[in-house]
Each structure stands twice: as structure tokens, then as C-alpha cells.
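Chains L and X, in that order, give the protein sequences. Our numbering numbers the first residue of the first sequence as 1 and each following residue consecutively. Our numbering numbers the first residue of the second sequence as 1001 and each following residue consecutively. Taking it in order: structure first as C-alpha cells, then the write-up.
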Amino acid sequence: MSSPTHLKRARRAAAAISVVFAFVAIPAAAQAAPVDLATVAPFVVLGGQEVTNTGPSVLNGALGVAPGTSLTGFGLPAVVNGATHNNDGVANQAQSDLTTAYNVAAGQALTQDLSGTNLGNRTLTAGAYRYTSSAQLTGALTLDAAGDPNAQFVFMISSALTTASASSVVMLNGANPCNVYWQVGSSATLGSTTAFQGNLMALSDISLNNGATVIGRMLARNGTVSLINNVLTASSCDTGDGGGGGGGADSGDDSGGNGTGGLTRAQRLARRNGTATVRRTPRETCTEGFRARVRGHLIERVVFRLDGKRISSQAKSPFRVLIRALPGRHNVTARVTFRDATRAKTLRLRYRACAAAVLQPRRGPSQFTG
Amino acid sequence: MSHPVRVSALAVVLLAATAACVPVGSAHAAGPRVAPSQRLVVLLHDHVVRARPNRTAQRIEWVGAWRPLTGVRTVLPVLGRARTRGGQSWVHVRLPGRPNGHEGWIRAYRTKRTSTEWRLVLTLSNRRVTVYHHGRVMRRFPAVVGTPSTPTPTGRFFIEEALDLSSQVGGPFALATSARSEVLQEFEGGPGQIALHGTNGLSGALGSASSHGCVRLGTGAITWLAHRIGSGVPLTIKS
């Protein structure tokens, strides 16, 4: 039964099978293990000691700090489109989960060691990449998911991450910034107008210079997150929870968005393409009043006010309102908010009512010269 | 070499264009140029009128914050402004009543700035009222003006107040002006005030000179005006 020839065939078959398994297993090993943000996911900015802001930054996501308590510069003109957690239970739990996610990211099986090279002007496929010292991004870094919506990219950087001005991280073939993790051993600095994507988890400080934009998260474990006129949008990600299977729907939608418009929803939201102008018709006469109309792109809502008093709020086009001509000088304002990161603006329309509108002549005696 | 030819050709084109424009005779082009708007001041309080922008200057008269016939706010055309060394602001205004077209200075304190884009011009020679808005002719109405013995005064005036006379004589509306008759010091219990009003209960064909000094307009015309012309609107009456 077990002749030597059979044994040889069996050994060859076993060897062949092991080779096949080896070929299958090698890419699987290169694929980074999922990092779970857990309760950190709603945050777009989470600081350890402090979060500071200068200028009209826009945060599309929650803002938090723990165990520190300092949140400065987040009144107008800055806008936070999300909850704020100042050293409360939510922020502390998020810090705890951040530590876990940071450690998971730091312990990824290595795909390639990029130490000593610049991240700029190169294309990387899914995997875990390491820098034994600091990392520098100058130019564009393209992350290619090869059509896999769950493709995960992890960058393990032992010390600092620095990006030069106008650098960018670009998603390709369905890559999702939600699945991009930057584990930084000390501090990170994003240069002016850098278009950054991914979840940046720094042990110490994170500094964003003027005009840098982020699709992802800025998460500092122990230090300060400082912003200057930035737009940050927390990319929606459910894929991490599903372990690769359950969360495919959102990623699929995003990749579908990639296929049609070339941009993910988060990328579209982070842009500032909204426009709005207000005009009055008719322009010449105001005997009865006039119609003020706001036109533009990506308008979400228009609130009309007459002399500060709210007269109409509209969320659907056409955005227009009839202003009755009143005596004297008046101000019509239209507060316009946009569907993307464009800053809300107030359009002003001053008008001076003509005498026509004034007049409902009062009764009086007829005592003229006739 | 070719310049004279070009010049003459240009001249021909311009002449042709001019000739073509004249018969069109747009209302805008035909009327005299008038300012597109007139600055006004609304009195929020009674004011003392002085001859110069100075607290010690001669006191001319007193002007009330309310008009006597309907009780609306007094609105006066602004002719200029001044600020004293002490920082006081003064407004040079045209005043109602006699002598016709007189002016004076009031404190800017307790006044409110406004303006109007309307303007009325009455030409006695052709007995027409021309209505301007933003410096452009909006309407022309035939009118009855004063007889030679009770002429309509000429000069620069303004509308003091608009009245709803309904079915009273001279109705349905009247625009009481700052002008006063030079002949009749008193009429029907009033001070000889000149008004633009309707023809209720009055005779005289439009385009004639048969009134006691007032300007009579057709019912449609005075109704149109009464719904547009408010206090302070300048009125120029020229011969």
C-alpha cells in the first residue's frame, strides 16, 4: 500500500501544497492587521494636554482633550461641526482606545522598511511601512488600494513625521483614508497647505501649519494639537469593526464614489468650492418691493434677515424672498451655509425704499388755494 | 493721406446716428438732467433754524417735527452740511412757507438722514408735471396751473406731506408743497398753501391756467403720484 513510489508522490504533493500555501500566505502576511479606533472614531481632533486653534479653522467631527483641559481658539471664526469633549468620560475613553490603537499600529508585521527615504513622489500598496527614525513627506504620496476597499496602510515612524508645504497624500483605486494609520513616535508637523489623509496618532504633539487640510484624524496621546486655519474632516469608517467583512458596505460606497467622481465623500466635504451671490429683482424700481435671490454652488441653507430680524430660512433652491419696500434705509442679509467646508458667509443687500412704498396718505383737510 | 476720408466718414456716421436718435425722442433723453437722488433729513424733534451753522447765529424761525395737516414727520431737503470747530454738525435745509424757497441751518442732532430718488418738475409754459425717478423721466402729466392774477409761484420747493382728501374738493389726493401763494395770503382757512391735487368738485380743463395757484391733476395722475411721492420730494416750478 505504501510503496516507496507512493511515498515519493505523497511527499511531492505535500511539498507542492505547501508551496501553494506559501504563495497564498506571503501576501496575507504582508497585509497589515486591522487597527481599531473604537471610540476614537467620532473625533477629528483629540489632544492629550491641549488643543489650540488660530483663525477660521473648520472641524467636521468631534473635538476633544484628555487628560488635559485646555481648548483654546474654537469660538468664531472657527467652526466645530461636532461635539466637544473637555476631559470628560468620552474623551478619556477615547484616549484609552487611542493608546490601544497606537500600540496595535506599532506592532504591525512589517511590509517594507522605508527608513532614510522620502515618502514623497512614490506609490505604495497596502501594508505596514516602517521608519526607524524620522519620516519626511515632500510632494505627493499615493496609496494604491488596488480595488480593495479594506486595504490598510500603516506607517510606523519611530520619531517625527514632517511634511513640506503643499505636500499631499493621495488615495488611489478605492483607498480609504479611514484605513490609513500614521503611528508617530514623537511629534508630527504638517506644512502649510499640506493635503493630508489618514489617522495620525502621535505620542507627543501635532502641529498643522497654515492652510493644511486633513481627511482623517489628528490624535495626540500626550501632547498638544495646534491648528492654524485648517479644515479637518473625520472620514467615516466602519470597516475596522467588521474585521474586513462587515464593514465593506461603506468602503464600497466610497470606492464607488472614487470610480464616478474621483473623490471620496470625505474629500468632497473637505473642499471649499461653495459660492453664493445675492441679487435683487427688479433692480430699478421698488414700488411694491423686490425679490432677493441667492444663487451659487453647494448651498446648504440660506437664512434671510431684514434689519436683523429673521424673515426666512430655506434649505431648498430657489433661495429667494420677497422684501416689501418699507420707508427708509434697510439691510437685508442672507446667511449662507454650504454643504462642503466652505465657510459660511453673510451676503448683504442694502436698500433704500422709494417714496412709493411709504405712502398711504393720511386723511387731511382740503384748505389749499385750489 | 486717408485721414480726411476717415474723419468725414466718421462725421457722416455720427450725423446719421444723431439724426436717427432725435425722432425716437426717448423720455429719458428729452428731459433736462436732474440729480438721481436728493438727500433728505427727517426731524426727530422741533428745531430752531439759524442763518448760519453757528449757535450764536441769527435765529430765523422754528420748525416743528410734525406737519400740521396730517401729523407726519417733517422731512426737509438737504442743501449742505457743516461741522463747527466744537464738533457740532449742522444741516443746511430748505424750509417750508414764506418767503418761498427760503433756507436755513439746523442742528444735525435729533435728525435722521434719508434720501429720495423722486423729483417733480412743473413747467408752467406747457402746464405739465414731469416725474423723475433716479434721474430719469417716469411720467408726464397735464396740469391746471394758476391764472395770471393768481399765479403758481416759481422756484425750488418740496412736498411737505401727502393727504388723502377722498371726496373732498380737490380730491382724491393732494401733495401739499412748501410753496405759498404770492397773492393769496389766506385761502379756505389755510395759509395760501400750494398743492398738487385732484379735480374733485373743480372746473377747468387740464392744460389750462385756471386755478388759484394750486396745480390740479387728473384723478389717475394724482392717485399715481400719491402712492409714490412722499414728504421731502423736491419740486421745481419753472416758468
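Positions of the beta carbon are idealized from the N, C-alpha and C atoms, including for glycine.
{"Query": "Sequence-distant residues of the same chain with beta carbon closer than 6 Å to L:Thr123, five excluded per side", "Result": "Thr142, Asp144"}
{"Query": "Residues of the region 1066-1085 of chain X with Cβ closer than 8 Å to any Cβ of chain L, in chain order", "Result": "Leu1069, Thr1070, Gly1071, Val1072"}
{"Query": "Residues of its chain near L:Pro42, where Cβ-Cβ distance is below 6 Å and the 5 sequence neighbours each way are ignored", "Result": "Ala62"}
{"Query": "Chain L contacts made by the region 1207-1225 of chain X, where a contact means CB separation under 7 Å", "Result": "Ser1211, His1212, Gly1213, Cys1214"}
{"Query": "Contact belief for X:Ala1143 with X:Leu1175 at Cβ below 8 Å, rounded distance in angstroms", "Result": "Wrong, their Cβ atoms sit about 12 Å apart, outside the cutoff."}
{"Query": "The region 1174-1206 of chain X: positions lying closer than 8 Å to chain L by Cβ", "Result": "Ala1174, Ala1176, Ser1181, Leu1184, Phe1187, Glu1188, Gly1189, Gly1190, Gly1192, Gln1193, Ile1194, Ala1195, His1197, Leu1202"}
{"Query": "Test: L:Val58 CB closer than 8 Å to a CB of chain X", "Result": "no"}
{"Query": "Burial state of X:His1133, where buried means 16 or more other Cβ atoms lie within 10 Å", "Result": "buried"}
{"Query": "Boundaries (first-last residue) of the alpha helix (DSSP H) holding X:Ile1222", "Result": "1219-1226"}
{"Query": "Cβ-Cβ distance between X:Val1075 and X:Leu1040 below 8 Å", "Result": "yes"}
{"Query": "Environment of L:Leu76 [buried if 16+ CB atoms lie within 10 Å]", "Result": "exposed"}
{"Query": "For L:Tyr102, three-class secondary structure by DSSP", "Result": "helix"}
{"Query": "CB contact below 8 Å: X:Thr1114 versus chain L", "Result": "yes"}
{"Query": "X:Asn1100, buried or exposed, once every other Cβ within 10 Å from all chains shown has been counted against 16", "Result": "buried"}
{"Query": "Cβ of X:Leu1043 within 8 Å of any chain L Cβ", "Result": "no"}
{"Query": "From L:Asp205, L:Phe155, L:Leu349, residue whose alpha carbon lies closest to that of L:Ser186", "Result": "L:Asp205"}
{"Query": "Backbone secondary structure at X:Val1144 - three-state DSSP", "Result": "strand"}
{"Query": "Alpha-carbon spacing of X:Arg1050 relative to L:Thr54, whole angstroms", "Result": "55 Å"}
{"Query": "Alpha-carbon spacing of L:Asn81 relative to L:Val58, whole angstroms", "Result": "8 Å"}
{"Query": "Per-residue contacts from X:Ser1166 into chain L (C-beta, under 8 Å)", "Result": "Arg363"}
{"Query": "Option nearest X:Pro1036 by Cα separation, candidates X:Val1131, X:Gly1087, X:Gly1080", "Result": "X:Val1131"}
{"Query": "Per-residue burial, L:Tyr131 [other beta carbons within 10 Å of its own, 16 or more giving buried]", "Result": "buried"}
{"Query": "For X:Met1138, the residue or residues it bridges with in DSSP", "Result": "DSSP lists no partner for X:Met1138."}
{"Query": "Pair within 8 Å by beta-carbon distance, X:Thr1152 and X:Ile1222", "Result": "no"}
{"Query": "Residues near X:Arg1156 by beta carbon distance below 6 Å, same chain, minus five either side", "Result": "Gly1101, Thr1236"}
{"Query": "Inter-residue spacing [alpha-carbon to alpha-carbon] between X:Pro1053 and X:Pro1148", "Result": "39 Å"}
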